[in-house]
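Protein chains in written order, with this note's numbering: chain A, 359 to 579; chain B, 65 to 327. Virtual Cβ for every residue (Gly too), placed ideally from N, Cα, C. This structure is a prediction, so every number in the text was calculated from the model and none was measured. Single-structure report; data block below.
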Amino acid sequence: MIASALKLSLLVTGIAIIWIALLGSAIGLLLSRTKFKGRELLDAFLTLPMVLPPTVTGYYLVVLWGREGIIGRTLETLTGFSITFHWTGAVIAAIVVAIPLMIRAARVAFDGVPRELEEAAYMLGKSRIQTFRHITLPLARPGLLVGIILSFARALGEFGATLMVAGNIPDRTQTMPLAIYDALISGNDRDAQLLVLMLTLFSLTVIYLTNRLGKRTVNLR
Amino acid sequence: MSRKIWDILTPSFFIGLLIGQFLTGCQVKTIPLSIAAAASLKDGFQAIGNAYEKHYQVKPQFYFAASGTLRKQIELGAHFDIFASASAHEIDMLVKKKRLQPESRMTFAHNRLVIVSRQNSGLANLSDLKQLQTLSRIALGNPVTVPAGKYAKEALQSLQLWDILQKENRLIVTENVRQVVDYINRGEVDVGFVYQSDYHTFQKRLKRLVTISPTSHSPILFQAGLPANGLHTKEARRFLSFLTTPEAQKYLHQFGFEPAVKP
Numbered sequence: 359m360i361a362s363a364l365k366l367s368l369l370v371t372g373i374a375i376i377w378i379a380l381l382g383s384a385i386g387l388l389l390s391r392t393k394f395k396g397r398e399l400l401d402a403f404l405t406l407p408m409v410l411p412p413t414v415t416g417y418y419l420v421v422l423w424g425r426e427g428i429i430g431r432t433l434e435t436l437t438g439f440s441i442t443f444h445w446t447g448a449v450i451a452a453i454v455v456a457i458p459l460m461i462r463a464a465r466v467a468f469d470g471v472p473r474e475l476e477e478a479a480y481m482l483g484k485s486r487i488q489t490f491r492h493i494t495l496p497l498a499r500p501g502l503l504v505g506i507i508l509s510f511a512r513a514l515g516e517f518g519a520t521l522m523v524a525g526n527i528p529d530r531t532q533t534m535p536l537a538i539y540d541a542l543i544s545g546n547d548r549d550a551q552l553l554v555l556m557l558t559l560f561s562l563t564v565i566y567l568t569n570r571l572g573k574r575t576v577n578l579r
Numbered sequence: 065m066s067r068k069i070w071d072i073l074t075p076s077f078f079i080g081l082l083i084g085q086f087l088t089g090c091q092v093k094t095i096p097l098s099i100a101a102a103a104s105l106k107d108g109f110q111a112i113g114n115a116y117e118k119h120y121q122v123k124p125q126f127y128f129a130a131s132g133t134l135r136k137q138i139e140l141g142a143h144f145d146i147f148a149s150a151s152a153h154e155i156d157m158l159v160k161k162k163r164l165q166p167e168s169r170m171t172f173a174h175n176r177l178v179i180v181s182r183q184n185s186g187l188a189n190l191s192d193l194k195q196l197q198t199l200s201r202i203a204l205g206n207p208v209t210v211p212a213g214k215y216a217k218e219a220l221q222s223l224q225l226w227d228i229l230q231k232e233n234r235l236i237v238t239e240n241v242r243q244v245v246d247y248i249n250r251g252e253v254d255v256g257f258v259y260q261s262d263y264h265t266f267q268k269r270l271k272r273l274v275t276i277s278p279t280s281h282s283p284i285l286f287q288a289g290l291p292a293n294g295l296h297t298k299e300a301r302r303f304l305s306f307l308t309t310p311e312a313q314k315y316l317h318q319f320g321f322e323p324a325v326k327p
């Protein structure tokens with residue numbers, strides 16, 4: 359039970375974090391660098407899953423992605439595939455719940471890159487892509503890493519929305535947080551303790567790492 | 065700026081404390097009888113609770129969840145005056161751990177297991193349970209905590225279907241038996257294992273495909289007893305004896321339970 363929960367958690371969080379890192383950075387960059395009508399409204403909307411109780415987010419996800427939902431039904435008629443009670447449902451839940459942390463971190467990180475340095479690169483004849491790769495990205499990297507670590511931790515710990523979308527099926531959708539709940543309820547105290555210990559140690563490492571990276575961000579500015 | 069925030073926060077903290085005090089004060093007065101009951105008992109017990117209140121002017125407070133979940137909560141020290149379980153097994157375990165008064169134990173109803181789908185599912189009656197292998201999603205309660213799931217597992221095992229369905233990923237486990245009804249209603253699963261009483265309660269939306277033979281699983285006994293740490297033992301005993309009165313049994317029957325055979 360522990361092994362399969364651990365494997366599943368790593369699979370789900372691993373795939374989720376790739377999407378979170380790419381999408382979250384892109385959205386963070388968009389929010390930081392472009393001015394458009396409704397920008398703050400978009401930001402607020404994207405931050406919502408971070409503030410909402412996970413069960414509320416879960417409810418929306420079920421309504422949208424369920425077999426009878428708009429997205430869910432379309433997906434199933436097109437591909438014959440449904441994310442509910444499947445580990446991909448847990449991935450969707452993890453992405454939606456954790457991506458606000460990445461977007462926030464990325465927006466702040468890109469905001470913190472001095473525009474003069476980018477302009478200097480342009481004046482020296484570098485293209486936008488070159489400037490982004492060699493100036494903007496390296497300067498924003500510590501902030502982006504903080505975002506990745508925090509959202510990874512959030513995605514790993516996701517419980518409420520995951521339970522509602524993917525269910526709690528041992529070996530198939532039972533990630534570590536769900537396995538802890540299950541172990542406690544069914545009296546496998548030792549399994550629960552082991553999982554709790556693993557997640558506690560992991561979280562401690564996360565806080566330590568983010569603090570260290572946070573200091574580096576300040577130094578760079 | 066921060067001064068202003070504190071000017072608002074400090075009084076609201078104290079007002080919050082006052083409201084909390086007030087609410088807990090009320091709670092102590094209005095919950096003289098707290099009952100932890102299996103999720104399947106929800107509608108039947110609510111009707112019985114209303115009748116009980118009319119007779120004795122005491123309003124029982126119900127907590128409905130999977131019997132196994134409630135059993136664990138009682139083991140961990142939760143205070144309930146009565147525990148009503150959908151299986152004798154959970155009661156056995158509590159008695160063994162000295163968390164339930166053994167002499168208080170009683171059987172108040174029986175039930176049967178059925179397979180249901182949505183009313184408009186277009187599925188034909190399951191004359192042979194082997195046909196379950198043609199359905200992609202079958203819901204049942206988590207056999208570890210949900211008695212209805214445990215009975216379903218036993219029935220599937222007796223037909224050598226459990227391992228096959230498990231291997232083919234056709235089984236969806238739920239937190240309690242009423243969640244099976246919910247999944248069916250939402251169209252997330254094709255069919256599910258519920259009690260005859262659940263089918264009775266949601267007849268308008270569900271279609272019964274088959275009633276499982278009672279010989280294929282352990283007997284479905286709804287048993288109740290008094291947790292060792294209950295606070296209102298006298299009131300709780302009165303409620304327990306009320307459960308086997310013709311009036312209470314009539315309500316249980318009305319919601320699809322079978323009457324208790326008195327020992």
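Measure from the C-beta of S544 (chain A) to each C-beta in chain B and report whether the shortest distance is under 7 Å.
Interface annotation, S544 (chain A): in contact with chain B, CB-CB separation under 7 Å.
Using the beta-carbon count (16 or more within 10 Å), is N184 (chain B) buried or exposed?
exposed
Taking the alpha-carbon of L475 (chain A) as reference, which of A:I543, A:R462, A:T489 has the nearest alpha-carbon?
A:T489
Option in B:Y247, B:T133, B:D145, B:G141 with minimal Cα separation from S151 (chain B):
B:T133
Proximity to P472 (chain A) [Cα-Cα], best of A:L497, A:K365, A:G483
A:L497
H281 (chain B): buried (16+ other C-beta within 10 angstroms of its C-beta) or exposed?
Burial call: buried.
Those runs of the alpha helix (DSSP H) which lie wholly inside the region 209 to 265 of chain B and span at least 4 residues
211 to 222, 226 to 231, 241 to 249, 260 to 265
Are the CB atoms of I179 (chain B) and V237 (chain B) within a distance shorter than 7 Å?
Result no, Cβ atoms of V237 (chain B) and I179 (chain B) do not sit closer than 7 Å.
Test item: CB-CB of A103 (chain B) and A130 (chain B) under 7 Å
yes
At 4 residues or longer, what runs of the alpha helix (DSSP H) sit wholly inside the region 83 to 147 of chain B?
DSSP runs (the alpha helix (DSSP H)) wholly in the region 83 to 147 of chain B: 106 to 120, 131 to 139.
Residue-chain proximity (E434 (chain A), chain B), Cβ-Cβ < 7 Å:
No, E434 (chain A) does not count as interfacial toward chain B.
So, for T520 (chain A): in the same chain, excluding its five sequence neighbours on each side, which residues have a beta-carbon less than 6 Å away from its beta-carbon?
Within the same chain, T520 (chain A) has close Cβ partners A448, A451.
Can you grab the Cα-Cα spacing for the pair N206 (chain B) / H119 (chain B), in whole Å?
37 Å
Burial state of Y566 (chain A), where buried means 16 or more other Cβ atoms lie within 10 Å:
Within a 10 Å sphere around the beta-carbon of Y566 (chain A) sit fewer than 16 other beta-carbons, which makes this residue exposed.
Quick one: does G213 (chain B) have its CB under 7 Å from some CB of chain A?
no
C-alpha distance - A188 (chain B) paired with Q195 (chain B), whole-angstrom precision
10 Å
Any idea what DSSP makes of F172 (chain B), helix, strand or coil?
strand
In whole angstroms, give me the CA-to-CA distance for L193 (chain B) and T171 (chain B).
30 Å
Please list, in chain order, all residues of the same chain as K214 (chain B) whose beta carbon is under 6 Å from its beta carbon, the five residues on each side excluded.
P207
For T442 (chain A), would you say it is in contact with chain B, using Cβ-to-Cβ distances shorter than 7 Å as the test?
yes
From what residue to what residue does the beta strand (DSSP E) around L177 (chain B) run?
177 to 182
Alpha carbon to alpha carbon, how far is S98 (chain B) from A216 (chain B)?
30 Å
To the nearest angstrom, report how far apart L140 (chain B) and R269 (chain B) are at their CA atoms.
37 Å
Could you check whether the Cβ of I236 (chain B) sits closer than 7 Å to any Cβ belonging to chain A?
True, the Cβ-Cβ gap to chain A drops below 7 Å.
For a quick check, are the C-beta atoms of A363 (chain A) and M534 (chain A) less than 7 Å apart?
yes
Does the beta carbon of Q91 (chain B) sit closer than 7 Å to a beta carbon anywhere in chain A?
Residue placement at Q91 (chain B) cannot be trusted, given a pLDDT of 48 that sits under 50; what the coordinates show is reported in the next sentence. No, its Cβ sits nowhere closer than 7 Å to a Cβ of chain A.
Proximity test, Cβ basis, 7 Å: A361 (chain A) and chain B
So no, A361 (chain A) is outside the interface.
Comparing the C-beta of E516 (chain A) with each C-beta of chain B, is any distance below 7 Å?
no
What's the call for D107 (chain B), buried or exposed, on a 16-neighbour Cβ count within 10 Å?
buried
Listed from N- to C-terminal order along the chain, which residues in the region 133 to 151 of chain B have their beta-carbon within a distance smaller than 7 Å of any beta-carbon of chain A?
T133, K136
Can you give me, in chain order, the residues of the region 239 to 250 of chain B that have a beta carbon less than 8 Å from any beta carbon in chain A?
E239, R250
Are the CB atoms of S168 (chain B) and G251 (chain B) nearer to each other than 7 Å?
no
Any beta-carbon of chain A closer than 7 Å to the one on T209 (chain B)?
T209 (chain B) counts as touching chain A.
Would you call the CB atoms of L502 (chain A) and A456 (chain A) closer than 7 Å?
no
Contacts around G430 (chain A), its chain only, beta-carbon distance under 8 Å, and the 5 residues preceding and following it disregarded:
L422, W423, G424, S440, I441, T442
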